[in-house]
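Some notes on the structure that comes next.
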Amino acid sequence: DPHYSGRVTVPVLWDKKNHTIVSNESAEIIRMFNTAFDALGAKAGDYYPPALQTKIDELNGWIYDTVNNGVYKAGFATSQQAYDEAVAKVFESLARLEQILGQHRYLTGNQLTEADIRLWTTLVRFDPVYVTHFKCDKHRISDYLNLYGFLRDIYQMPGIAETVNFDHIRNHYFRSHKTINPTGIISIGPWQDLDEPHGRDVRFG
């Protein structure tokens, strides 16, 4: 509708044949992508395998609450207390994740699952955006040995880097959230080299 003037959110899964929205819930969409397109020639791979579903659901629960959504709770807090509580949970969970990823390559072991992808989408934005824009500045992801290695590990997988446009990411956040950045000024950094070797494939063999 070219005349629509309401709120717009992403992501959206759009049905081009029936011209309708299938879903705008990221958790549903990632689950659909896992199996819904297998018959149409999608690459093989199960990122929600039956044997790991309970573990994946448990990870998704606390990671979403304290990390994926936690950075937004900190960034859009309207009181010092709300910010302090939210940002504390962000970094408590990052410390917990740092320990988990020091034991094996991925969150559930040595198999990449949807839990890893869901975490990664926040980690890849953390230093370029959330450190400054959402005041999540106690540590950067690049300060953590295992989290930073994990971030680079997935970024360097075939087809992943081409989905990441840091200019677009930074422009969107810094210029669209007028309540927390009314001037629209985009911060200068920090900078990361995500092409730097991660060594996690060798380390966890």
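Taking UniProt numbering, I'd label the letters of the sequence shown as residues 1 to 205. We put the CB at the ideal spot given by N, CA and C, even for glycine. Here the structure is a predicted model, which means the values were calculated and not measured.
DSSP assignment within the UniProt domain "GST C-terminal" (49 to 173) yields the following whole alpha helix (DSSP H) runs of 4 residues or more, N-terminal first: 53 to 63, 70 to 75, 80 to 100, 114 to 125 and 145 to 155. Taking all protein chains in view, the Cβ of Thr20 is surrounded by fewer than 16 other Cβ atoms within 10 Å, so the residue is classified as exposed.
Across the structure, Val131 and Leu123 are spaced so that their CA atoms are roughly 11 Å apart.
Around the CB of Gly184, fewer than 16 other CB atoms lie within 10 Å, so the residue is classed as exposed.
Counting only the Cα atoms, Ser5 lies some 43 Å from Pro50. In the structure shown, the three-state DSSP call for Ser26 is helix. Per the C-alpha coordinates, the member of Thr66, Pro190 and Arg200 positioned closest to Ala88 is Thr66. In the DSSP assignment, Asp201 falls within the alpha helix (DSSP H) that extends over Arg200 to Phe204.
Ile169 and Val129 have their alpha carbons spaced roughly 8 Å apart.
Distance from the CA of Tyr144 to the CA of Glu98, rounded to the nearest whole angstrom, comes to 7 Å. Between His198 and Gly149, the CB-CB gap stays under 8 Å.
Short of 6 Å from the beta carbon of Asn181, and not among the five residues preceding or following it, lie these beta carbons of its own chain, in chain order: Phe174. Taking all protein chains in view, the Cβ of Ser142 is crowded by 16 or more other Cβ atoms within 10 Å, so the residue is classified as buried.
Ile154 and Trp120 have their alpha carbons spaced roughly 8 Å apart. For Gln192, the number of other beta carbons within 10 angstroms of its own is at least 16, and it is reported as buried. His133 is positioned such that its CB atom lies no closer than 8 Å to that of Phe204. Take Arg200, set aside five residues on each side of it, and the residues of its chain with a beta-carbon closer than 6 Å to its own are Arg105, Gly149 and Asp153, in chain order. At the C-beta level, Leu59 and Leu107 come within 8 Å of one another.
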